[in-house]
Amino acid sequence: MRSLDLFNALRPHPMYGKAMTRMARLLLVLALVQWLAWLAPARPGTQPFPNYLPLHMLMETASIIVSIMVFIVGWNARGAARSGNVVGLACCFLAVGAFDFLHMVSYVGMPDLVSANDAQKHLNFWLAARVLAAGGLLAAAVRRWRPFAADATRYWLLGATVAGVLALAWVVLWHQDWLPDTFIPGHGLTALKKNTEYLVIAINLATAVLLLARIRRPQPFKAVLLFGAVMTMAMGEFFFTLYTTMTGSYNVLGHLYKTISYLFIYRAVVVEAIDMPYNALAQLQERLTFSLQASNTGLWDWDLASDEIYLSPEWKAQLGYGPDALSNSLATWDALLHPQDREAAWQTVRDYLASGRLQYENAFRMRHADGGYRWILARGERHKDGDGNAHLLGSHVDITAQKQTEQALRAESEKNLALLRNASDGIHILDAHGDVIEASVAFCAMLGYTREELIGMNVARWDARFGQAELDALLARQLDGGVHNQFETRHRRKDGSLVDVEISNCPLELAGQPVLFNSARDITERKRVEAQLRITASVFENSQEGILITDDENDIVDVNAAFTRITGYARDEVVGRNPRMLSSGRHDGGFYQQLWAQLQRDGYWRGELWDRRKSGEVYPELVSISAVRDERGQVQRYVAVFSDISQIKAHEDELNRAAHYDGLTGVPNRVLLADRMKQAIARTAREGNIMAVCYLDLDGFKHINDSLGHDVGDQVLIEAARRIGASVRADDTVARLGGDEFVVLLLGLHQAGEWELTLRRLLEAIAQPFTIGDKTVTLSASAGVAVYPLDQEDPDTLLRHADQAMYLAKQSGKNRYHLYDTALDRQARDQLEFLASIRHGLEQGQFELYYQPKVNLRTRAVVGAEALIRWHHPQRGLLAPGAFLAQVANTELDIQIGEWVAATALAQLRTWHEQGLKLSVSINISGYHLESPDFVDRLRKLMAPYPMLPFGALQIEVLETVALNDIAIVRDILAACGRLGVTFALDDFGTGYSSLSYLSSLPFDELKIDQSFVRDMLDDKGDLAIVQGVVALAAAFERQIVAEGIETPAHYQALLDMGCALGQGYGIAKPMPAGALPDWRGQWLEREVAA
């Protein structure tokens, strides 16, 4: 039972039945021969074989050749046939052939190879070949029959094979003593040699069993041949275990069996790598030929490099030709092309070759053997042959029947489309659901859709009158009624516009289904004309423009209600009369002649007329008169449409005034001034006299505007304009450029004194107090004058020169005027350049603060310092404030410098306080800066980073003249800054003639006696009295007093005796850089100790 199970387990697949039977018979023969040789009485293995060496060489050479052939065939297997197993066998038998070769040339009797040839040497190569052959076959049987994962693997395998052969050859040829003995002369084979042969036999038998197990199922290789090879190899190895002499018959039989086994292997590899692929290719070609013949498809192969082309027999048969009737050439293809298709077909080929696309497709007609033409569809793809040459390989299919069907369908379709296309109305057919199943060209054009878009579209998509429910009910009613229907509706075009249509329809059956045949007629124009007539009537009656219609004789036939409203005439009063009744008399006969000439020539006239109302009032009107002609061009009517433009004219006058006059003051603006100046220059040049251009700017107006509000400012400007106008003659021009700037043109002057008198009068008028409500405001004006023709320039230049002169008037103290001259111009340019250099120096960090100490005269303690700005000028060296501060007065740069001083002083205060030097620092702020609108807010931002500074650390010095400029405003500013922790000192006290009431109302902490009084008080009793009075006054008002200009010890002592607490001056210390003050303070205190 177990034997039966084993037999079934090893029973081959039916596909191997015949092959296994043949192989089993052959193996039985070989086994019988071996059995007879083994049992022979004479034991042939012990007898030398005559002429063995040549025979040995012959047998080994045969084995080597077969091994090399196995390698060549297996290594060069292509495509899917290149199994990793085949490649492995190929490399294995390359090594086997190499070892067999080394065995052959190392055989006793052969010329020595490197070392002396002996049995030991050639047996070592022999055993290596046998073990490698058996192991290679076992590996091929065990490994799954598939290609290597990477093609590079076979090269690694080949390299390893060659390396292994070389390594073993090196050992045997040069270091054979490293290896154990395999043959002992006189004794025969050693146990190692026999055991190795038995091992080879065992490996071969194991491989045979494995192959028997695998051929139970179909295998992708010739398993039967490999089975025969390993069995034959095992028999041959058995012979090699029996001989005792190298030249015995067992040895010969072993070599013969080995060669037979190699032939089995070679045959298996050849079948695997060559026969099977070629057989598969032949089968594929046979199937392809059958498919092509069955599908009537022809093949062609065009070598793009040589321009050679192959045309298959099926290709030729398509066109009725035999296999040899047409030559395989492009000329054949070209000659058979239809003349009308030739150029297009070739162009398609050229375009394809130029495009680089893979797929090729071309349709054309070719001449059949019967003289007719067949439609051919050619398709192809690019390929490369084994030599890398580009080919275009493709097929030809006869599509004549398909083309004929298409043409028949196209003819039928064109006929139906022609019926629809010739219909003037929009024909469309709806199914029972209201979906379009056909539409005419006219209907498509009516709605703006293509036919493809309309097919399948529901009527609800374009009908704009009925809802979906109404349409469904209407459709059902019309389909069931079986009668002709007609109604009006509106359709919505694709672009959203609407079209009025009249629908005529009737129900029909199409292909057994109910449909509704519809004819749509566009009645939009008819509707438009009807609506236009209604609109025309409505417009005529309701138009706000007067309409007057006359006949061809120009007699009035009709007027509308607006005509009556505008002219005052009723319809009955004018019908039948001539429009001349409305004439105002302002237009002469020539005007009306031109009007009628244009009306007759062009058919219309448009313009302005002055007519007379029934009341006698003359009024302007805008009139359009059109001639209405019949189809022959004869005038039937004249229609005049007019509107009263009295209000428009009045508005134009208002606009003209707004464009040329200042809206606030009513005087000419910049636009009208420019025109007046051009006219004045021309008049002055013509009359030969003088014109003065006076540029005025109100001094202190910005402060009024900011402090009292824009309403007060506007009233000041109005009053100023009035005063200026009252100060000049009627022929002169007063203009406002904007803000508080005015220009006065003084004309017809003959000498300079005239304009000077006028300007003085004008400045005096402005200097008078302004009473605005309950407020009294005082201001002045600065004026610059440019005189023409002394200054022979254009209007813009004259204005610029006068502006420059005005600027210098402000710089000179305000409330005055300056005459422009060349030197003045140069001075203005120098001033601008100097200001630019100051601004540049501020940006480049050229400014520095020096500090003049302020001490307690009694205790000699250093209580503070006054910050005094210095300019490190690149060319002029260190400049004191007097060299540049006057030039920036009343400019934006004045504010920028003041803020820089404050910021720098605050930073220095923090540094000194961190060093333990508790001082206050006073800074000088100009009146322009102090009275700027956002002074307090900007100071707050500057102080924000220094919350650590104590109250009073920063002091601001304000000139007495500034404080007296506007007591109320200055008081508010000082109070707001005081809340920030800032104290104030009234600088140069005694020069501004302050009243005691003013002094008591201002929140000053210190009074600084002007240094001019202190400097001369020792020699001038008047100055001494002033100083004593100021000291007493400060004590009375409980203000701290500071004396400036202490230059000698005598000054110091005199002030101390008067009771003056604080002082500063060159006698104490000159202004010094911030870094020098701490050292000076130490020296000052040491002098005190020394004293």
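Quick note on full-length UniProt numbering: the sequence shown kicks off at 1 and runs consecutively.
The beta carbon of each residue, even a glycine, is placed where N, CA and C say it ideally should be.
So the candidates are the options; which of them puts its Cα closest to the Cα of residue i?
i: Leu548; options: Phe240, Gly576, Ala781, Asp791; result: Gly576
i: Leu471; options: Asp435, Ala390, Ala445, Val529; result: Asp435
i: Ala119; options: Ala141, Gly164, Asp181, Phe148; result: Asp181
i: Pro12; options: Phe101, Asp100, Arg217; result: Arg217
i: Met1058; options: Leu1077, Val1031, Ser780; result: Val1031
i: Leu959; options: Pro947, Pro950, Ser312, Phe984; result: Phe984
i: Met677; options: Val743, Val863, Ile897; result: Val743
i: Asn924; options: Lys1008, Ala685, Glu60, Gln347; result: Lys1008
i: Arg858; options: Gly496, Ile503, Ala1061, Ile455; result: Ala1061
i: Leu377; options: Arg367, Asp385, Ile399; result: Ile399
i: Tyr861; options: Leu516, Trp1080, Leu199; result: Here the sequence assigns Ala to residue 861, which means Tyr is not the residue at that position. Nearest C-alpha to Ala861: Trp1080.
i: Ala223; options: Phe101, Val86, Ser395; result: Val86
Along the alpha helix (DSSP H) that carries residue i, what are the first and last residues, could you check?
i: Ser329; result: Note, Ser329: premise wrong, no alpha helix (DSSP H); not H, not E.
i: Pro933; result: Counting along the chain, Pro933 falls outside any alpha helix (DSSP H), and DSSP gives it neither H nor E.
i: Asn856; result: Note, Asn856: premise wrong, no alpha helix (DSSP H); beta strand (DSSP E) at 847-856.
i: Arg214; result: 191-214
DSSP state of residue i, grouped into three classes?
i: Thr489; result: strand
i: His391; result: strand
i: Ala944; result: coil
i: Leu819; result: strand
i: Ile704; result: helix
i: Ala1090; result: Because Ala1090 sits at a pLDDT of 35, beneath the cut-off of 50, its placement in the model cannot be relied upon, and the following sentence gives the value as read from the coordinates. Note: Ala1090 maps to helix in three-state DSSP.
i: Met59; result: helix
i: Trp315; result: helix
i: Tyr155; result: helix
i: Ser727; result: coil
i: Pro620; result: strand
i: Asn362; result: strand
i: Asp740; result: coil
i: Gln347; result: helix
i: Ser995; result: In this prediction, Ser995 scores a pLDDT of 47, lower than 50, which makes its location untrustworthy; the coordinate-derived value is nonetheless stated afterwards. Coil, per DSSP.
i: Lys403; result: helix
i: Arg870; result: strand
i: Met1072; result: strand
i: Gln120; result: helix
i: Thr536; result: helix
Below 8 Å on the Cβ atoms is my guess for residue i versus residue j; work out the distance and round it to an integer in Å.
i: Glu843; j: Gln852; result: The Cβ separation is near 27 Å, so there is no contact.
i: Leu664; j: Leu582; result: Not a contact, Cβ separation roughly 43 Å.
i: Leu849; j: Leu879; result: Rounded, the Cβ-Cβ distance is 14 Å, inconsistent with contact.
i: His255; j: Met59; result: 4 Å
i: Ala442; j: Gly426; result: 5 Å
i: Leu747; j: Met691; result: 5 Å
In terms of residue numbering, what span does the beta strand (DSSP E) encompassing residue i cover?
i: Asn518; result: 513-522
i: His383; result: 373-384
i: Tyr310; result: 309-311
i: Ile681; result: Run containing Ile681: none in the beta strand (DSSP E); it sits in the alpha helix (DSSP H), 670-687.
i: Phe101; result: Unbroken run through Phe101 is the alpha helix (DSSP H), 84-105; no beta strand (DSSP E).
i: Phe770; result: 770-772
Within the same chain, show all residues whose beta-carbon is closer than 8 Å to that of residue i, passing over the 5 residues directly before and after it, in chain order.
i: residue 1154; result: Nothing about residue 1154 can be read from this structure; the chain reaches only from 1 to 1091.
i: Gln768; result: Arg723
i: Ile265; result: Val66, Val70, Leu89, Phe93, Leu137, Leu225, Leu226, Ala229
i: Val171; result: Trp178, Leu179
i: Leu26; result: Gly228
i: Ala905; result: Leu849, Ala867, Val921, Ile923, Leu954
i: Ala889; result: Gln811, Ser926, Tyr928
i: Asn554; result: Asn578, Pro579, Tyr638
Could you name the residues of the same chain whose beta carbon sits closer than 7 Å to that of residue i, not counting the 5 residues immediately before and after it, in chain order?
i: Leu205; result: Ala234
i: Phe1013; result: Gly990, Asp1023, Ile1026, Val1027
Leaving out five residues before and five after residue i in sequence, what residues of the same chain have Cβ atoms less than 6 Å from its Cβ?
i: Leu457; result: What sits at residue 457 in the sequence shown is Met, not Leu. Closer than 6 Å at Cβ, skipping near neighbours: Val436.
i: Ile772; result: Val712, Gln715
Is it the case that the CB of residue i approaches a heavy atom of the ligand FAD more closely than 7 Å?
i: Leu1056; result: This structure lacks the ligand FAD; in fact it carries no ligand of any kind.
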